[in-house]
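Student: Residue numbers (our numbering): 980 to 1147.
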Amino acid sequence: MGDKKGGGDEINFPEESAFMQRKIEVLQYRIMMKDEQILACRKSEDELRKRIAELDKAFDDEAVRCREHTAEMSRQYREMQDSFNQTIDETQKKVSEKKAEIESVIKETEQVRVEKDEILRQKDHEIASLSSKMETMAFEFADMLKETLDKMSQRIEARSTNISDALP
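1) Specify the secondary structure class of N1064 as computed by DSSP and reduced to three states.
2) Which ranges does the beta strand (DSSP E) cover as unbroken runs of at least 3 residues, wholly within the stretch 992 to 1027, from first to last along the chain?
3) Just the C-alpha distance for E1105 and I1135, rounded to the nearest angstrom, thanks.
4) Quick one: grab the DSSP three-state call for E1076.
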């Protein structure tokens, strides 16, 4: 290409035109490549946006499922806790009832023991009284037998004296 200021060279328009035409083609090719890159980038961006939307929806769905599971687990925990507390209350009531029964049985046993001891004391006193009475009666009976024996001996003696006086 020629020098424009220089003085004598003429501009070769067909060559310049061909050069410019190739430059235009190169620039158009670059524009086309850039357009393809932009299109590919936009397509990639759209795909990424779709993927992000899918992931957001998946995260939201997972959050909902998580909340549902958490709510269900909390409900089950509360039910188990309530059941456990109810079982504890029932068991404590049973323990209290059994303690009251044990105390009642202990009191009743103590009362029966006291009554038994009193009955034994009375029976021992009665046995001692009856033994004393039997001894007294035995002495009285012995005295009566002795008196009877003495009277019978006197009568036998009196008869034998009467019989010996009557016999010559």
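Don't be surprised by glycine CBs; every beta carbon is placed ideally from N, CA and C.
Tutor: The short version:
1) helix
2) Those beta strand (DSSP E) runs which fall completely within the stretch 992 to 1027 and span 3+ residues do not exist here.
3) 43 Å
4) helix
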